[in-house]
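The opening position of the sequence shown corresponds to residue 2 in this note's numbering, with each subsequent residue numbered one higher.
Down below is the structure, laid out as structure tokens.
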Amino acid sequence: MTSININTELFRALSEIAEDETLMTKVVNYVKKLTAQKKADSTLMTKEEFYAKIERAEEHLDKGEGITFTNREDMNSWLNSL
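Structure, rendered in structure tokens:
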């Protein structure tokens, strides 16, 4: 589902409950809760952030930066050395 479709679906659903203050309060509280969770968990990221991170990693590899392994034992040895 694209971000445009998600936004459209969200706004359509919100328009159905916009006049109900109790439901809108619940929506706002839930969004605040999700926002706090995202801030608390640094591993959460948007799809765009994820793909940007992959692009940066690929750029580093293209420059010859980074570590590669040809077998599991070498990888485990490197991980154990950290």
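Don't be surprised by glycine CBs; every beta carbon is placed ideally from N, CA and C.
Review point. Should K54 and L45 be called a contact, given that it needs their Cβ atoms to be closer than 7 Å?
Key: no
Review point. Hey, quick one: how far does the alpha helix (DSSP H) through T9 stretch, first residue to last?
Key: S4 to I18
Check your understanding: If you run the structure through DSSP and keep just helix, strand and coil, what is F70?
Key -> coil
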